[in-house]
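A.B. asks:
In structure tokens form, the structure reads like this:
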């Protein structure tokens with residue numbers, strides 16, 4: 001409550017009371033505005049720092065930030081307007097200076113004074129400089145029609161001399177879309193997470209009536225033609241000495257039962273940037289109707305090396321001598337998952353034992369942050385000298401705590417999980433190419449989850465396979481700094497023009513060279 005003493009209006013001269021009342025009303029409005037701002041700030045803090053059970057997911061948090069920040073800006077603008085005695089002030093921009101690419105087209109609008117005559121009557125003034133400001137303008141996506149005209153020519157002297165240029169090749173012969181239109185549909189769905197029915201609605205606002213099923217047909221045709229490129233991408237990845245693997249759900253419509261079933265997209269990724277490897281990063285998503293370990297075994301046929309993954313038991317078959325498609329793989333398990341298990345207990349119970357485990361793991365990550373980007377030899381030396389003693393100490397601490405704590409307790413279960421992964425958790429100590437965790441592949445599958453949320457589900461298993469193919473090329477383009485629309489448009493155009501199957505490497509995302 002405010003400590004301000006109430007004002008006795010009877011003590012104020014009558015001719016000044018209206019002005020005082022106006023000031024009091026303005027004070028009350030400002031109090032309400034401040035209360036609103038305080039409430040909004042509290043909401044933002046809750047979204048970021050609230051208890052785990054009350055905290056929003058990443059996608060929900062981003063949506064909350066958008067709406068809360070919009071509300072804060074509105075409240076601040078209202079407050080500025082109410083404290084100003086003149087016209088409502090324009091809100092100062094939160095500028096991102098230097099953030100407008102130089103290659104964006106510039107449209108200059110020169111604003112001249114009403115008159116160039118000198119006020120003193122000296123004559124016409126001359127230009128001594130200028131002020132320039134740049135603002136970002138956005139024009140909604142432009143739809144246009146490409147009209148291909150092929151003139152026919154004939155000889156006036158005979159009836160046989162007719163010539164005409166051949167029709168250019170198209171991905172969908174006789175169809176409506178250009179390869180650029182198809183690429184736009186694919187990027188909108190699998191990169192910008194815009195389902196086809198919403199794309200159809202957006203087109204309808206521009207007077208273009210294209211049903212969702214037609215857009216789906218375009219996507220399916222493109223997925224078929226892009227299949228060999230994705231297969232070649234997978235071959236490149238499986239020729240590496242170290243890969244990441246993870247899987248995420250992909251709901252698929254099950255028409256026979258009138259509901260969805262759970263399929264899976266298995267992500268196989270390469271990312272050697274942490275130790276300066278020469279091979280470009282890439283990822284391939286493979287759809288499978290289930291999570292059985294035999295799917296991973298099938299996907300990894302031809303790969304022999306180190307596989308970095310989480311603790312899912314379905315991967316165990318990959319380490320056995322009976323493994324199909326190659327020699328037993330060497331597994332590197334993920335310290336981020338171990339940390340996550342302890343964090344769950346700490347957030348729920350405030351366990352001191354879990355807190356100690358988290359502190360020990362934080363020491364490992366501190367060292368990893370210092371050596372990131374160094375060569376594998378340097379990383380290995382640092383780990384053997386600095387990290388190995390800490391890991392050994394963690395192992396002793398882990399066994400000591402497991403002897404003290406019931407294996408049936410929540411904490412006991414988490415410690416048992418870490419114990420089961422213990423050999424794989426030490427792999428990074430023996431090879432400088434191995435990361436401490438599998439976060440690289442987890443970051444790559446997050447967009448899949450967002451597409452899944454917006455698109456709801458794939459229409460059938462074949463839709464899941466097409467989903468995996470397109471997502472593979474878009475994700476690989478992104479992590480190589482390649483703009484996915486430009487890449488897909490050029491690749492579809494090359495395929496339509498009959499690009500040789502023997503030169504598929506030229507079509508891989510990391511080899512894309514944008515035209516000037």
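Numbering (our numbering), first residue to last: 1 to 516.
Note that CB positions come from ideal geometry on N, CA and C, so glycine has one too.
(1) Based on Cα-Cα distance, which residue from 287, 270, 302 lies nearest to residue 323?
(2) Less than 7 Å between C-beta atoms, sequence neighbours within five positions excluded: which residues of the same chain meet that for residue 411?
(3) Grab the span of the alpha helix (DSSP H) containing residue 342 for me, first residue to last.
(4) Given a threshold of 16 other Cβ atoms within 10 Å of its Cβ, counted over all protein chains shown, does residue 270 qualify as buried or as exposed?
(5) Grab the span of the alpha helix (DSSP H) containing residue 394 for me, first residue to last.
(6) Could you round the C-beta distance between residue 472 and residue 230 to whole angstroms and report it? I think they count as a contact, below 8 Å.
(7) Where does the unbroken beta strand (DSSP E) through residue 285 begin, and where does it stop?
(8) Quick check on DSSP: helix, strand or coil for residue 324?
(9) Measuring alpha carbon to alpha carbon, tell me which of 371, 340, 486 ends up nearest residue 359.
(10) By Cβ distance, which residues of its chain are closer than 6 Å to residue 371, with the 5 residues on each side in sequence left out?
(11) When you compare only the Cα positions, how much space is there between residue 318 and residue 190?
(12) How should residue 136 be labelled, buried or exposed, when 16 other C-beta atoms within 10 angstroms of its C-beta is the threshold for buried?
(13) Taking residue 285 as the reference, give the member of 314, 409, 223 with the closest Cα.
(14) Would residue 484 be called buried (16 or more neighbouring beta carbons within 10 Å of its own) or exposed?
(15) Can you tell me the Cα-Cα spacing of residue 507 and residue 495, whole angstroms?
(16) Measure the C-alpha to C-alpha separation of residue 250 and residue 505 and round it to an integer number of angstroms.
(17) Can you give me the C-alpha to C-alpha distance between residue 291 and residue 107, rounded to a whole angstrom?
(18) Quick one: measure Cβ to Cβ for residue 243 and residue 268, integer angstroms, because I've assumed they're closer than 8 Å.
(19) Nearest to residue 348 by CA position, among 193, 409, 247, is which residue?
(20) Report the three-state DSSP secondary structure of residue 117 (helix, strand or coil).
(21) Residue 433: buried (16+ other C-beta within 10 angstroms of its C-beta) or exposed?
(22) Using only alpha-carbon positions, find the residue among 392, 385, 376, 373 that is nearest to residue 361.
(23) Just tell me which of 146, 163, 144, 158 has its CA closest to the CA of residue 152.
(24) Does the beta-carbon distance from residue 423 to residue 306 come in below 8 Å?
(25) Considering Cα atoms alone, identify which of 501, 491, 497 is closest to residue 511.
(26) Can you tell me whether DSSP reads residue 559 as helix, strand or coil?
(27) How should residue 456 be labelled, buried or exposed, when 16 other C-beta atoms within 10 angstroms of its C-beta is the threshold for buried?
(28) Considering only the alpha carbon of each residue, which of 418, 415, 145, 478 lies closest to residue 444?
C.D. replies: Well, looking at it:
(1) With distances taken between CA atoms, residue 323 lies nearest to 302 out of 287, 270, 302.
(2) Close CB contacts of residue 411 within its chain, under the 7 Å cut and outside five residues either way in sequence, are with 345, 351, 353, 354, 405 (chain order).
(3) According to the DSSP assignment, residue 342 belongs to the alpha helix (DSSP H) that extends over 335-349.
(4) Around the Cβ of residue 270, a 10 Å sphere holds 16 or more other Cβ atoms; the residue is buried.
(5) Run containing residue 394: 388-404, per the alpha helix (DSSP H) assignment.
(6) Confirmed, Cβ separation roughly 5 Å.
(7) Element bounds for residue 285: 282-288.
(8) DSSP places residue 324 outside both helix and strand once states are collapsed to three, so it counts as coil.
(9) 340 is the residue among 371, 340, 486 whose C-alpha sits nearest the C-alpha of residue 359.
(10) Counting only residues of its own chain and dropping the five nearest sequence neighbours on each side, residue 371 has a CB closer than 6 Å to the CB of 379, 382.
(11) Distance between the alpha carbons of residue 318 and residue 190 is about 31 Å.
(12) Of the residues assessed, residue 136 falls on the exposed side of the cut-off, its CB having fewer than 16 other CB atoms within 10 angstroms.
(13) Nearest C-alpha to residue 285: 223.
(14) Around the beta carbon of residue 484, 16 or more other beta carbons sit within 10 angstroms, so the residue counts as buried.
(15) Looking at the backbone, the Cα of residue 507 and that of residue 495 are separated by about 9 Å.
(16) Answer to the nearest angstrom: the Cα atoms are 29 Å apart.
(17) Each residue's Cα considered, the two are about 54 Å apart.
(18) With a Cβ gap of about 6 Å, residue 243 and residue 268 count as contacting.
(19) Measuring from the Cα of residue 348, the nearest candidate turns out to be 409.
(20) Collapsing the DSSP output to three states places residue 117 in a strand.
(21) Classification for residue 433: buried.
(22) Nearest of 392, 385, 376, 373 to residue 361, Cα basis: 392.
(23) The option with the nearest alpha carbon to residue 152 is 163.
(24) Annotated as distal: residue 423 and residue 306, with beta-carbon spacing of 8 Å or more.
(25) Out of 501, 491, 497, 491 has the C-alpha closest to the C-alpha of residue 511.
(26) Given a span of 1 to 516 for the chain in the structure shown, any question on residue 559 remains unanswerable.
(27) Confidence in residue 456 is poor, its pLDDT being 42 and thus under 50, which makes the residue's placement unreliable; the coordinate value appears in the next sentence. Burial check for residue 456: the Cβ neighbour count within 10 Å stays below 16, so the residue is exposed.
(28) Of 418, 415, 145, 478, the smallest CA-CA separation from residue 444 is found for 478.
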